[in-house]
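Read through the structure below, which is laid out as structure tokens, and then see the notes.
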Amino acid sequence: MQTKSKKEKLAFAQGAAFRLGSAYGKGKKCAQDAAKWITVKPNGAESKGRPALIDDETGRVIGGMGGKFTGKHISEAKSDKKLRSERDKQRAERRKQRQSVPEKLDFKNPEKIPADSILQNRDRSSVASQTQIHRISQDPDYDRLSGSREFGSGAPVVAFGSIPENQLGKKEWATMPDGTKYAVQYAVVEADKVLTSNDVHGLTNKEYYSDDPSKIRAIAGNGRVTGLTSAYQKGNAQKYNDDLYDDTSHGVDQNVIDRMKNPILVRVMQPKDVTKDIGDKSNVVGNIQMTAVEQARNDANRVDFQNIKTYSDGSPTKETISEFVKRMPESEQAGLIDKEGNPTRQALHRFNAAVFEKAYENEGLTNLYAQALDPDSKNIINALEGAASKMQELRDAGSNYDIRDIVSKAAMRAVNARREGINLMSEAVSQDLFNKSSENSAENMIIKLFADNARSPRVISEKLNKLADVLMEESRLAKSSMFGDDIPRDEIIKNALSKDAALSKGKLNTAALNYWKQKGGEFLDKFFSSFVRDKDFISGLNKL
Numbered sequence: 010m011q012t013k014s015k016k017e018k019l020a021f022a023q024g025a026a027f028r029l030g031s032a033y034g035k036g037k038k039c040a041q042d043a044a045k046w047i048t049v050k051p052n053g054a055e056s057k058g059r060p061a062l063i064d065d066e067t068g069r070v071i072g073g074m075g076g077k078f079t080g081k082h083i084s085e086a087k088s089d090k091k092l093r094s095e096r097d098k099q100r101a102e103r104r105k106q107r108q109s110v111p112e113k114l115d116f117k118n119p120e121k122i123p124a125d126s127i128l129q130n131r132d133r134s135s136v137a138s139q140t141q142i143h144r145i146s147q148d149p150d151y152d153r154l155s156g157s158r159e160f161g162s163g164a165p166v167v168a169f170g171s172i173p174e175n176q177l178g179k180k181e182w183a184t185m186p187d188g189t190k191y192a193v194q195y196a197v198v199e200a201d202k203v204l205t206s207n208d209v210h211g212l213t214n215k216e217y218y219s220d221d222p223s224k225i226r227a228i229a230g231n232g233r234v235t236g237l238t239s240a241y242q243k244g245n246a247q248k249y250n251d252d253l254y255d256d257t258s259h260g261v262d263q264n265v266i267d268r269m270k271n272p273i274l275v276r277v278m279q280p281k282d283v284t285k286d287i288g289d290k291s292n293v294v295g296n297i298q299m300t301a302v303e304q305a306r307n308d309a310n311r312v313d314f315q316n317i318k319t320y321s322d323g324s325p326t327k328e329t330i331s332e333f334v335k336r337m338p339e340s341e342q343a344g345l346i347d348k349e350g351n352p353t354r355q356a357l358h359r360f361n362a363a364v365f366e367k368a369y370e371n372e373g374l375t376n377l378y379a380q381a382l383d384p385d386s387k388n389i390i391n392a393l394e395g396a397a398s399k400m401q402e403l404r405d406a407g408s409n410y411d412i413r414d415i416v417s418k419a420a421m422r423a424v425n426a427r428r429e430g431i432n433l434m435s436e437a438v439s440q441d442l443f444n445k446s447s448e449n450s451a452e453n454m455i456i457k458l459f460a461d462n463a464r465s466p467r468v469i470s471e472k473l474n475k476l477a478d479v480l481m482e483e484s485r486l487a488k489s490s491m492f493g494d495d496i497p498r499d500e501i502i503k504n505a506l507s508k509d510a511a512l513s514k515g516k517l518n519t520a521a522l523n524y525w526k527q528k529g530g531e532f533l534d535k536f537f538s539s540f541v542r543d544k545d546f547i548s549g550l551n552k553l
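Counting from 1, position 113 in the sequence shown corresponds to residue 122 in my numbering; the numbering is continuous, with no gaps.
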């Protein structure tokens with residue numbers, strides 16, 4: 010072994026001191042006597058070594074090795090080749106685990122199915138479920154009803170009963186929405202031999218809920234099984250049958266399938282895996298739910314704004330809501346249509362939220378609309394909701410006449426002012442003093458409109474609707490004019506409000522007119538017969 014000269018030893022020591030000093034300067038505390046140099050040979054004992062300065066107590070690399078492993082434990086100082094080798098081993102082990110479905114599954118049935126087992130927690134008599142069943146029965150798509158590693162899609166998952174060995178095929182894992190994995194085996198069974206929670210008409214199948222384990226039951230895919238059974242009854246399953254026969258991936262012999270009358274592909278789970286809450290687990294939605302704003306934005310694409318029909322009070326008709334729901338995926342329609350086919354309150358709320366979002370395109374307002382509203386914001390949000398359909402039409406009015414952003418900002422300012430105990434008129438006037446911009450002036454006019462009618466969302470809605478009508482008309486005139494539309498937005502709003510006031514002067518609003526039609530005759534009879542003014546009538550009229 011060649012000994013180092015004094016100069017070499019000195020240089021070596023100086024280098025060590027420099028690296029230690031550098032390490033200390035970077036906040037790595039390490040006493041010099043606790044550090045040492047070693048030679049690392051990541052590519053094997055016969056390869057050229059690389060010097061490394063390590064902390065003798067922690068094993069952390071302090072210096073050397075080109076700085077690549079500084080701060081890491083010395084055990085991590087491996088060659089790329091060795092790292093790849095270890096990664097390949099890990100992948101092989103993971104592959105083995107994924108493929109390690111038990112060689113034989115245990116299909117032994119219990120004596121009885123526990124009475125408190127929830128095999129199915131969905132209302133399969135709902136319109137949404139009936140729609141799914143009808144669609145499958147008309148034209149079952151084998152590609153959507155075959156191989157899958159999820160409970161919620163592909164071949165239905167069944168349990169219990171007895172299936173002949175020659176009808177069993179490939180074994181695989183199936184994953185619940187919560188991530189739980191179950192060993193299942195593909196099988197081909199007669200469609201009418203599988204019990205489902207409801208029949209094709211939505212009626213409850215009492216036998217499904219019995220404690221008798223001798224019958225095969227659908228665990229996940231009740232609607233899929235019922236739809237396929239109905240498809241065979243209607244003579245619509247020939248294409249499905251052919252695709253099932255041609256598919257060899259499930260592992261069931263073609264000759265077995267060919268001898269069956271109404272074969273369907275299922276995945277069989279072990280009875281011991283059917284826990285009491287299996288229905289709850291299999292019907293949980295696996296994806297992250299959208300926020301109120303995301304839902305409203307998404308739903309806005311499903312509203313046919315050109316064909317919205319409303320009742321006399323401005324609310325959307327049943328047909329309009331039904332058409333809105335029909336544009337959704339079947340998986341979202343549950344809970345939005347009742348058993349009689351009528352839209353539910355939830356469907357109406359989603360429709361109104363979608364129109365609201367389309368009208369104002371303001372995340373803060375849509376959040377306010379969706380959440381439980383405090384009294385300070387409720388009237389304003391209700392007023393904006395009543396004007397949403399008209400406001401969304403301003404999208405095509407041109408930048409100067411599309412005042413939706415002005416209304417949105419004014420509404421947010423009004424809500425925040427009320428929450429802070431500030432009078433709305435004071436909010437508008439104070440801002441007029443400090444900010445003379447056209448945009449601010451326009452917002453203040455809308456806030457004054459809110460302030461003048463603070464206790465009546467209906468009146469605010471009516472005024473915003475009229476304002477939208479006037480602005481649409483002014484926009485059309487501006488587009489046909491050679492002078493363009495460069496009028497400041499505050500002037501446009503001021504003129505529109507003035508025009509609305511002029512048109513409304515001396516006229517009764519709709520509610521007051523209806524009130525007069527109902528009670529005006531009685532009031533006049535009393536007045537002209539005894540010259541007495543009916544105070545109750547006048548009080549009621551003033552409230553409108």
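Cβ coordinates follow ideal geometry from the N, Cα and C atoms, glycine included.
Just so we're clear, the structure is a prediction, and the values are computed from it rather than from any experiment.
When burial is assigned at 16 or more other CB atoms within 10 Å of the CB, is residue i buried or exposed?
i, result
"TYR320", "exposed"
"HIS259", "buried"
"GLN355", "exposed"
"ASP150", "exposed"
"LYS475", "buried"
"GLN99", "exposed"
"ASP64", "buried"
"GLY350", "exposed"
"THR79", "buried"
"ILE483", "Reading off the sequence shown, one finds Glu at residue 483, where the question assumed Ile. Classification for GLU483: buried."
"SER138", "buried"
"ASP411", "buried"
"GLU120", "exposed"
"GLN41", "Only weak support is given to the placement of GLN41: the predicted model assigns it a pLDDT of 47, under 50, and the value that follows is read from those uncertain coordinates. It counts as exposed."
"GLY73", "buried"
"LEU377", "buried"
"SER308", "Residue 308 is actually Asp in this sequence, not Ser. Result: buried."
"GLN527", "exposed"
"HIS210", "exposed"
"LYS428", "According to the sequence as given, residue 428 is Arg; it is not Lys. Exposed, because fewer than 16 other Cβ atoms sit within 10 Å of the Cβ of ARG428."
"GLY342", "The question names Gly, but residue 342 in the sequence shown is Gln. Buried is the call here."
"GLY344", "exposed"
"SER386", "buried"
"SER450", "buried"
What does residue i pair with, by DSSP beta-bridge criteria?
i, result
"PRO272", "GLU199"
"ARG158", "Answer is none; ARG158 lacks a bridge partner."
"ALA227", "VAL167"
"GLY211", "Answer is none; GLY211 lacks a bridge partner."
"VAL479", "According to DSSP, which records beta bridges pairwise, VAL479 is partnered with nothing at all."
"ILE346", "PRO352"
"LYS57", "Paired residues: none, contrary to the question."
"GLU181", "VAL193"
"ARG69", "HIS82"
"PRO186", "Note: PRO186 sits in no beta bridge, so no partner."
"ILE47", "ALA61"
Would you please verify whether the beta carbon of residue i is less than 8 Å from any beta carbon of chain B?
i, result
"VAL468", "The question asks about chain B, but that chain is absent: this structure has only one protein chain."
Would you check whether the ligand ADP has a heavy atom nearer than 7 Å to the C-beta of residue i?
i, result
"VAL261", "The ligand ADP is not among the ligands present in this structure, which contains no ligands whatsoever."
Do residue i and residue j have their C-beta atoms closer together than 8 Å?
i, j, result
"LEU212", "ILE225", "no"
"ASP282", "TYR217", "no"
"SER239", "SER146", "yes"
"GLU181", "PRO272", "no"
"ILE7", "ALA423", "Outside the displayed range of the chain (10 to 553) lies residue 7, so it cannot be described from this structure."
"GLU207", "ASN175", "The residue asked about is misnamed: residue 207 is Asn in this sequence, not Glu. Not in contact: ASN207 and ASN175 (Cβ atoms no closer than 8 Å)."
"MET400", "LEU506", "no"
"HIS82", "ARG93", "no"
"PHE459", "ILE389", "yes"
"ALA477", "ALA396", "yes"
"ARG59", "PRO165", "no"
"LEU403", "LEU486", "no"
"LEU274", "SER155", "yes"
"GLY178", "VAL261", "yes"
"GLU339", "THR140", "yes"
Which whole-angstrom value describes the C-beta separation of residue i and residue j, a residue pair presumed to lie in contact below a C-beta threshold of 8 Å?
i, j, result
"ALA246", "VAL167", "Incorrect: roughly 18 Å between the Cβ atoms, too far for contact."
"ARG498", "ILE415", "7 Å"
"LYS418", "GLU372", "13 Å between Cβ atoms; not a contact."
"LEU114", "GLN194", "5 Å"
"PRO280", "PHE116", "7 Å"
"VAL312", "VAL265", "Contact flag wrong, Cβ pair sits at about 50 Å."
> Is the segment 299-306 touching the segment 360-369, taking contact as three or more C-beta pairs under 8 Å?
Replying inline: yes
>> Check whether the segment 270-286 and the segment 119-128 touch, using three or more Cβ-Cβ pairs below 8 Å as the test.
In response: yes
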